[in-house]
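Each residue of the sequence shown is one higher than the last, beginning at 9 in this note's numbering. Data first, discussion second: the structure below is written as structure tokens.
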Amino acid sequence: MHMHTVHTDMYTHKFMCEKRPIYLCVCVNVYLMYIFCSCYLMIFLQCL
């Protein structure tokens with residue numbers, strides 16, 4: 009399923025933007041025995 013409602017041209021006219029993924033991981037030590045880690049993928053736009 010493709011969404012064609014987003015126009016990428018509006019970023020290139022004013023400035024150059026670049027998508028960069030960031031993995032945010034949170035680890036929790038449960039009962040001092042188990043280490044539970046959950047990672048989240050965050051994508052932000054780095055603009056020049």
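Glycine included, every Cβ here is placed at the ideal spot set by N, Cα and C. Just so it is clear, the structure is predicted and the values come from calculations on it, not from any experiment.
| query | For LEU32 versus CYS47, is the C-beta distance shorter than 8 angstroms? | reply | Start at 1 with the first residue of the sequence shown, and residue 32 comes out as number 24. Start at 1 with the first residue of the sequence shown, and residue 47 comes out as number 39. With a cutoff of 8 angstroms on beta-carbon distance, LEU32 and CYS47 are scored as near each other.
| query | If you drop the 5 nearest sequence neighbours on each side, which residues of the same chain put their C-beta closer than 8 angstroms to that of TYR38? | reply | Start at 1 with the first residue of the sequence shown, and residue 38 comes out as number 30. This sequence places Val at residue 38; Tyr is not what is there. Counting only Cβ-Cβ distances below 8 angstroms, and skipping sequence neighbours, we find PHE44.
| query | Can you tell me the Cα-Cα spacing of GLU26 and ILE51, whole angstroms? | reply | Start at 1 with the first residue of the sequence shown, and residue 26 comes out as number 18. Start at 1 with the first residue of the sequence shown, and residue 51 comes out as number 43. Rounded to whole angstroms, GLU26 and ILE51 show a C-alpha spacing of 10 angstroms.
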